[in-house]
Amino acid sequence: EPTRSEILAALAAPELVLEAAPAAVAAMLTAPGSDPLVTTLVGGIKDYVTREGYAHAVTMLGATDTLALARRITAPTLVLAGREDGLAPPEQHSIPISQAVTGSRFEMLSGYGHLLKIEAPDRVASLIEAHLTAARERRS
388 EPTRSEILAA LAAPELVLEA APAAVAAMLT APGSDPLVTT LVGGIKDYVT REGYAHAVTM
448 LGATDTLALA RRITAPTLVL AGREDGLAPP EQHSIPISQA VTGSRFEMLS GYGHLLKIEA
508 PDRVASLIEA HLTAARERRS
């Protein structure tokens with residue numbers, strides 16, 4: 388699996404997204420076998436990304452120490468990951484983040500990629516709702 392540095396180096400080239408065919412963008416961000424409506428929607432995302440916006444996002448990713456920030460979180464936290472996330476593999480991203488947040492809850496969703504809220508909106512909403520309900524009950 389690629390390291391964080393290798394992923395950031397690959398992402399540094401805006402052509403990766405801006406000049407890619409919609410199907411290539413969808414393949415990068417969704418799981419194999421995703422609903423065709425989802426892949427069409429995701430493939431069109433690149434049409435709304437500017438070169439400057441893309442560069443800013445990649446710079447921010449490289450400059451942020453996510454794990455250091457995660458260790459400071461004290462609120463009840465739910466971390467969701469798509470098992471087939473090829474852009475941010477769970478073993479390198481969401482799992483370490485979850486482990487850095489004391490008492491977090493981690494959910495791995497099989498059959499989904501990087502864009503869980505688009506690929507599995509009902510499942511994501513249900514998990515968030517259950518998490519918020521449990522957090523409210525603990526506070527009461």
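All residue numbers for the sequence shown refer to our numbering, where the first residue is 388 and numbers rise by one.
We treat Cβ as the ideally placed atom computed from N, Cα and C, and that holds for glycine.
Between the C-alpha atoms of Thr-426 and Ala-413 there is a straight-line separation of about 5 Å. One thing to note: Met-415 has its Cβ no nearer than 9 Å to the Cβ of Leu-467. Residue environment for Ala-507: buried (at least 16 other C-beta atoms within 10 angstroms of its C-beta). Under the three-state reduction of DSSP, Leu-467 is assigned to strand. Distance from the CA of Leu-465 to the CA of Leu-448, rounded to the nearest whole angstrom, comes to 21 Å. Burial is judged here by how many other beta carbons sit within 10 angstroms of a residue's own beta carbon; Ile-515 has fewer than 16 and is exposed. Of the candidates Gly-469, Val-488 and Arg-523, Gly-469 places its Cα closest to the Cα of Lys-504.
With the rule of 3 Cβ pairs closer than 8 Å, the stretch 471 to 488 does not count as touching the stretch 431 to 444. Apart from the 5 residues on each side of it in sequence, Pro-419 sits with its Cβ closer than 8 Å to the Cβ of Glu-471 in its chain, given in chain order.
The bridge partners DSSP lists for Glu-494 are Leu-467. Annotation: Ser-527 is outside any alpha helix (DSSP H) and is labelled neither H nor E by DSSP. By the neighbour-count criterion, in which 16 or more other beta carbons inside 10 Å mark a residue as buried, Ser-481 falls on the buried side.
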